[in-house]
Each structure stands twice: as C-alpha cells, then as structure tokens.
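Numbering-wise (our numbering), the sequence shown opens with residue 12 and increments by one. Ideal Cβ positions, reconstructed from N, Cα and C, are used throughout, including at glycine. Just so we're clear, the structure is a prediction, and the values are computed from it rather than from any experiment.
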Amino acid sequence: MFTGIVEELGEIREVTRLADAARLTVAAPTVVSDARHGDSIAVNGVCLTVVDVLDGAFTTDVMLETLRRSNLDGIAEGDAVNLERALAVSARFGGHIVQGHVDGFGAVLERTPAEHWELVRIELPQSLARYVVEKGSIAVDGVSLTVAAVDADSFTVSLIPTTLELTTLGHRTPGARVNLEVDVLAKYVEKLTAAPAAALGTSIATGTEATR
C-alpha cells in the first residue's frame, strides 16, 4: 500500500520491449537505498515489483495488462517518473490509501498558473466519473491530490509549488496522459450498497418481502 506522497523523481535508464511485457531499469538512489528483490515500488502510481538492484537503480517487469492500462506503455529512456516505496507500518499516513492499481488514464486538458499554485484540468473517463467527487481524493501519476472541482468529463486539481517542482505533474503539458487511481473506499462502498439494492429488486420482482 502507498499514500501518494512521492519520495523521488527517478529516471528511466533502460527500456527493454518484450512480446507481451516490458522491463524497466530506473535510476533512483533514494528509493533503492534499502530496496531488495521482491519489494514494491510505485512508478507513476503503478505498483511494480523489484527484480534487481544495482548501481543506484532497480529493474522491474511490466506485464501487458499494466501497459494497456497506464502511461508506462509510452515510457522511454530519459523520462522522469514519480517513485514511492511501499508504506512502512511506522510511517505517517500523509496522503490517502493508494493501492498502485491504476484504474485508467486521462489527458491533461488545461493548465492555469496562479501566483502561488497552478490549476490543472484533467480528462475524466466516464467509467471513473462516479467515483470522483469535489474535495475527494484521487491519485494522478501516483500523487495524492484533492479534487478541487469536477464535471461530467473532467476534474481539476490545484498543485502547490512543491508538487510542481518534485513530481512529473509540474511538466505534464496539455495532451499528456496521466495515470488515474480513484479512491478504493468509493469502489467498496458502491459494491456493498449495490448488493442489498439488487436483492431488494429481486424480492420485489418475485413478489416476496425483502428481509434484513
């Protein structure tokens, strides 16, 4: 589990394309300082497993499903990526619950600079819209953010100088794809509330009373 607090901007050192996967080597002196084989590291919000650690970098495999669902399919040597190690039990919970299971991606639509922050409007896929609410949480490229505004097909976040400087979101131009992970609590609530509703509908259709 992660919290969406980026620890380091890593650099893609090497990309090896395979028939149905890719292998990435990421230069990241901070996050590999205590990394071992089998550890989890979020790369642009995608939870990946460390295969090897060598010379201030780690290697990880990305399967086809992950490539299809995230912007890692277009990653190239020299690209910067947001990195976060898995949450330690003793650590502060600074963001929100982030699983590293990307739900989809959207394009940056608009950037509006202000004196002390910047508003960024991002495309919201219809399949995810029901999980995104004003003042709720969302992970964008693995960064825990608060939704400032939302409409039918987009949402807006406000980025402070630290986020602009220390994450990839400071450099995402309009048209760039970003990984999105909605709040997992919203998905569980939806499933838990849908089951009783479905049971009630079945009871009414068969002419029986719904029981608790």
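Neighbourhood of residue i by C-beta, 6 Å cutoff - its chain only, sequence neighbours within 5 removed
i: E220; result: Confidence at E220 is low in this model, with a pLDDT of 46, below 50, so the placement of that residue is unreliable and no value is reported for it.
i: A197; result: Y142
Whole-number beta carbon distance between residue j and residue i, since they are thought to touch under 8 Å
i: T157; j: S165; result: About 16 Å; that fails the 8 Å criterion.
i: R34; j: T70; result: 6 Å
i: M12; j: L94; result: Not really, about 15 Å apart at Cβ, beyond 8 Å.
i: V143; j: L135; result: 6 Å
DSSP three-state assignment for residue i, whether helix, strand or coil
i: L29; result: coil
i: R223; result: With a pLDDT of only 40 at R223, under 50, the local geometry of the prediction cannot be trusted, and no value is derived from it.
i: A160; result: strand
i: A197; result: helix
i: R47; result: coil
i: A205; result: helix
i: L183; result: Leu is not the amino acid found at residue 183; the sequence shown has Arg there. R183 falls in the coil class under three-state DSSP.
i: D72; result: strand
Cβ-based neighbour list, residue i, same chain, cut-off 7 Å, excluding 5 preceding and 5 following
i: L139; result: D114, G115, L191 and V193
i: E121; result: R132 and P185
i: D31; result: L75
i: K146; result: T157 and V158
Distance CB(residue i)-CB(residue j) smaller than 8 Å
i: G240; j: A163; result: Since the displayed the chain opens at 12 and closes at 223, residue 240 lies outside it and no answer follows.
i: E129; j: I23; result: no
i: V195; j: Q110; result: yes
i: T41; j: E19; result: yes
i: R96; j: I52; result: yes
i: H107; j: S169; result: no
Unbroken alpha helix (DSSP H) run spanning residue i, endpoints
i: P172; result: P172 to L177
i: T77; result: L75 to R80
Start and end residues, beta strand (DSSP E) containing residue i
i: F104; result: Taken as a continuous stretch (DSSP letters only), F104 belongs to no beta strand (DSSP E), as it is neither H nor E.
i: V61; result: V57 to L65
Nonlocal neighbours in the same chain, by C-beta distance under 8 Å from residue i, ignoring five residues either side
i: D152; result: N55, G56, N82, N93, T178, T179, L180, R183, V189 and N190
i: G67; result: A38, A39, P40 and V43
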